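Just so you know, my numbering puts 1273 at position 39 of the sequence shown, and the rest follows in order with no gaps.
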Amino acid sequence: MKKRMKQILLGLLVAVFMICIPASEVGAASALALIVNGKEQLYTGTQVKFTLNGKNIDLHGTPGIVINNNSMGYYVDVIKNGLKADCYYDKKTKKLTITKFDKTVSMTLGSKVARINGKKKKMEAPMMMVRYKAAKKNRIMVPIGFVVQNLGYTYTWNNSKKTGQITSNWMELNMDGMWMRYDGTKVKT
């Protein structure tokens, strides 16, 4: 009975919302049907893009979202493929470990506590599982700003472009299959 009442109230709220908000402000194409923590929801917030040193990072049709004022992004697209960091997700323990150069960030699904090189640090938003219904894809989302800053990158939010901008002030060199950070003198030829 209580479940049915909740469904009716939710339906009424959605109907009132749709009547009160002009159609020009809410486009069906701009909303994302998501399942977060097992609950289906229509996400109408900011759909986040990410760049690395000015170049767009391919998010494969699953844009970032904003949770608790944190830009959340799929760790594979942004951290593993974009930053070329080593990432390992243990399905059994639900723990994600990210390593880049001499920095390691580890976090557990649903927890606001991360470990940076073994030391505990609180996050404003936990790592979470999000299902993008239209794309039929599950994504493990992490607070991108928190992760990249703890890996040594600079993170800035560009509100007009709805983009999380990741930058580095070093060069990355691949020597014998191993990525190395180079902070030395850069010579133009």
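Every residue, glycine too, gets a C-beta built ideally from N, C-alpha and C. For clarity, every value in this text was computed on a predicted model and none was experimentally measured.
Beta carbon of Asn-1384 nearer than 8 Å to that of Val-1339:
Numbered from 1 along the sequence shown, position 150 holds the residue referred to as residue 1384. Numbered from 1 along the sequence shown, position 105 holds the residue referred to as residue 1339. Yes, they are a contact pair.
Got a sec, what are the start and stop residues for the alpha helix (DSSP H) Val-1270 sits in?
Position 36 of the sequence shown, counting from 1, holds the residue named residue 1270. Val-1270 -> not in any alpha helix (DSSP H); beta strand (DSSP E) instead, spanning 1266-1270.
Kindly indicate which residue of Arg-1365, Lys-1371, Thr-1390, Gly-1386 has the alpha-carbon position closest to the one of Leu-1317.
If you number the sequence shown from 1, residue 1317 lands on position 83. Comparing Cα positions, the closest option is Gly-1386.
Under the rule that 16 or more other beta-carbon atoms within 10 Å means buried, what is Tyr-1366, buried or exposed?
By one-based count along the sequence shown, residue 1366 stands at place 132. Flag for Tyr-1366 reads buried.
Closer than 6 Å by C-beta to Asn-1392: which residues in its own chain qualify, once you throw out the five before and the five after it? Chain order, please.
Within the sequence shown, residue 1392 is the residue found at index 158, counting from 1. If we look at Asn-1392 and ignore the five residues flanking it on each side, its Cβ neighbours are Gln-1399.
Is it right to say Leu-1286 is buried, meaning 16 or more other beta carbons lie within 10 angstroms of its own, or is it exposed?
Locating residue 1286 in the sequence shown gives position 52, where the first residue counts as 1. Looking at its Cβ environment, which holds 16 or more other Cβ atoms inside 10 Å, Leu-1286 is buried.
Unbroken beta strand (DSSP E) runs of length 3 or more, entirely within the segment 1356-1399: which are they?
1362-1366, 1371-1377, 1388-1392
Output the distance between the C-alpha atoms of Leu-1343 and Ile-1291, rounded to the nearest integer angstrom.
Residue mapping note: residue 1343 aligns to position 109 of the sequence shown, counting from 1. Residue mapping note: residue 1291 aligns to position 57 of the sequence shown, counting from 1. If you take the alpha carbons of Leu-1343 and Ile-1291, they lie about 23 Å apart.
When the Cα atoms are used, what is the spatial distance from Lys-1355 to Met-1341?
Taking the first residue of the sequence shown as position 1, residue 1355 is located at position 121. Taking the first residue of the sequence shown as position 1, residue 1341 is located at position 107. One C-alpha to the other measures close to 10 Å.
Applying the 10 Å Cβ sphere with the 16-neighbour rule, what's the burial state of Phe-1284?
Counted from its first residue, the sequence shown places residue 1284 at position 50. Counting Cβ neighbours within 10 Å, Phe-1284 comes out buried, since at least 16 surround it.
Restricting to Cα atoms, I'd like to know which of Tyr-1389, Asn-1372, Lys-1334 is closest to Glu-1406.
As a working note, residue 1406 is residue 172 in the sequence shown. When only C-alpha atoms are compared, the closest one is Lys-1334.
Three-way DSSP call (helix, strand, coil) for Ile-1313 in this model:
Start at 1 with the first residue of the sequence shown, and residue 1313 comes out as number 79. Ile-1313 falls in the helix class under three-state DSSP.
Taking 8 Å as the threshold (C-beta atoms), are Phe-1380 and Met-1362 in contact?
Working through the sequence shown from its first residue, we reach residue 1362 at position 128. Working through the sequence shown from its first residue, we reach residue 1380 at position 146. Cβ atoms of Met-1362 and Phe-1380: not closer than 8 Å.
Quick one: what does DSSP say Gly-1279 is sitting in, helix, strand or coil?
As a working mapping, residue 1279 is identified with position 45 in the sequence shown. Looking at Gly-1279 - three-state DSSP - the assignment turns out to be coil, as it is neither helix nor strand.
Alpha carbon to alpha carbon, what distance is there between Thr-1278 and Ala-1263?
Translated into the one-based positions of the sequence shown, residue 1263 becomes position 29. Translated into the one-based positions of the sequence shown, residue 1278 becomes position 44. Low per-residue confidence applies at Ala-1263: pLDDT is 42, beneath 50, and the placement is therefore not dependable, though the value from the model is reported in the following sentence. If you take the alpha carbons of Ala-1263 and Thr-1278, they lie about 10 Å apart.
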